[in-house]
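Step one of this worksheet: look at the structure below.
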Amino acid sequence: MTPNSRLVSVVIAVYNEEKVIEDCLKSLQNQSYRFLEIIVVDDGSTDNTQEIIGKRGFASQNWKFEIGNLKLLYQKHHGPGPARNLGAKKAAGEILVFVDADMTFDKNFIKDLTAPILKGETIGTFSKNEIVKNNDNIWSICWNINRNLPPDRMIPENYPKKAPVFRAITKKKFNEAGGFDQTGEYTDDWSLSRKLGIESDVVNGAIYYHSNPASLFEVWKQARWIGKNKFISGNLIRRFKSLILYSLPISLTSGLFKSITKGQLSFILFKLLYDLAITTSVIKSFLKEQKSK
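Numbering (the working numbering), first residue to last: -15 to 277.
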């Protein structure tokens, strides 16, 4: 079997993604690497996502999904880690690729991402070429200001050659790790490298596009989820440290400074809302709030 004829399973965990899932699938349909299996795992969506991926069979008025090797799976809402584990369990491919429903991809994304694995050079890869799809949106711009990134990049260009996240990994190594952590929290996708004691190799190319939160409501939801992760609210010391770091005086000071230096007055409002969402998650962590989104 040649490297270009080995099956790759693409696992997509979806939760309330009715607005974006079709664009994601269109993008995967146009991949230059054709030996693909697409596995969509609905994580208990409450919008019309299940109707779109189920009853319509990935068909709309002007477009129909044409990759024949397709699996649809459903579970109650537990978060992306458990959903990805379910998809991986049902996958037939020897390489697993994990993507999000709100991503779209350059036509050579799968080819570039999996090439080093297919050549036997590594057990898993990651791409730093994650481009902000909505970099003209004011709240997307503020999101990147908060992360000290240029408006068009999710990951800095000078990112190291190793990464704690696997975008692609052999199924053998995934099973050896026992899959992702099952907490449903923001950092579940870092758990493979921790369990294996190996980081992924960062590849060249493999360009993909991902949207930042585009409204204050989306900023709040994403920041609430981030605030649940173990590095912010995982234990008492981290909780009290976070309550100081994201407190109103520091939030105001940081927000005002960056709004002036970056010439973006809207950042003050963004920063206050973002830090309030983090603080809310930290406080609720004392009450054992669930870690999923």
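Glycine included, each C-beta is placed from N, C-alpha and C at the ideal position.
Considering only the alpha carbon of each residue, which of the options lies closest to residue i?
| i | options | result |
| --- | --- | --- |
| residue 256 | 269, 235, 247 | 235 |
| residue 31 | 9, 0, 53, 20 | 0 |
| residue 310 | 3, 227, 225 | Residue 310 is absent from the model: the chain starts at -15 and stops at 277. |
| residue 184 | 176, 212, 132 | 176 |
| residue 242 | 268, 141, 125 | 125 |
| residue 25 | 69, -9, 8, 7 | 69 |
| residue 113 | 90, 213, 249, 85 | 90 |
| residue 240 | 102, 229, 12, 254 | 254 |
| residue 12 | 35, -7, 60 | -7 |
| residue 199 | 127, 83, -5, 57 | 127 |
| residue 178 | 162, 192, 36 | 162 |
| residue 5 | 33, 29, 28, 272 | 33 |
| residue -3 | 80, 260, 14, 16 | 80 |
| residue 99 | 268, -9, 211 | -9 |
| residue 17 | 261, 190, 250, 245 | 190 |
| residue 154 | 262, 37, 107, 27 | 107 |
| residue 104 | 78, 85, 123 | 78 |
| residue 123 | 54, 76, 182, 249 | 249 |
| residue 261 | 247, 246, 245, 229 | 229 |
| residue 167 | 142, 159, 180, 212 | 212 |
By a C-beta neighbour count over all protein chains shown, 10 Å radius and 16 as the cutoff for buried, is residue i buried or exposed?
| i | result |
| --- | --- |
| residue 274 | exposed |
| residue 237 | exposed |
| residue 44 | Caution is warranted here: a pLDDT of 46 is assigned to residue 44, below 50, making its placement in the model unreliable, and no coordinate value can be reported. |
| residue 46 | Unreliable positioning characterises residue 46 in this predicted model, as indicated by a pLDDT of 45, which lies under 50. The coordinate reading is nonetheless provided below. Residue 46 comes out exposed. |
| residue 169 | buried |
| residue 270 | exposed |
| residue -15 | Low local confidence applies: a pLDDT of 49 at residue -15 is under 50, so the model's placement there is unreliable, with the coordinate-based value given in what follows. It counts as exposed. |
| residue 120 | exposed |
| residue 21 | buried |
| residue 63 | buried |
| residue 67 | buried |
| residue 231 | exposed |
| residue 151 | buried |
| residue 219 | exposed |
| residue 60 | exposed |
| residue 65 | buried |
| residue 93 | buried |
| residue 82 | buried |
| residue 129 | buried |
| residue 197 | buried |
| residue 85 | buried |
Where do the N-terminal and C-terminal ends of the beta strand (DSSP E) with residue i fall, by residue?
| i | result |
| --- | --- |
| residue 111 | 108 to 111 |
| residue 184 | 184 to 187 |
| residue 193 | 192 to 194 |
| residue 154 | 152 to 154 |
| residue 80 | 79 to 84 |
| residue 114 | 114 to 116 |
| residue 88 | 87 to 89 |
Between residue i and residue j, how many whole angstroms is the CB-CB distance? I'm expecting something under 8 Å.
| i | j | result |
| --- | --- | --- |
| residue 157 | residue 186 | Their Cβ separation, rounded to whole angstroms, is 17 Å, which puts residue 157 and residue 186 out of contact at 8 Å. |
| residue 149 | residue 216 | Not really, about 18 Å apart at Cβ, beyond 8 Å. |
| residue 140 | residue 116 | About 12 Å; that fails the 8 Å criterion. |
| residue 284 | residue 208 | Coverage of the chain is limited to positions -15 through 277, which leaves residue 284 absent and any answer about it impossible. |
| residue 55 | residue 74 | 6 Å |
| residue 195 | residue 132 | Not a contact, Cβ separation roughly 19 Å. |
How far does the alpha helix (DSSP H) with residue i in it reach, from first residue to last?
| i | result |
| --- | --- |
| residue 7 | 5 to 13 |
| residue 96 | 93 to 102 |
| residue 228 | 220 to 229 |
Please name the residue or residues paired with residue i in a DSSP beta bridge.
| i | result |
| --- | --- |
| residue 22 | -6, 54 |
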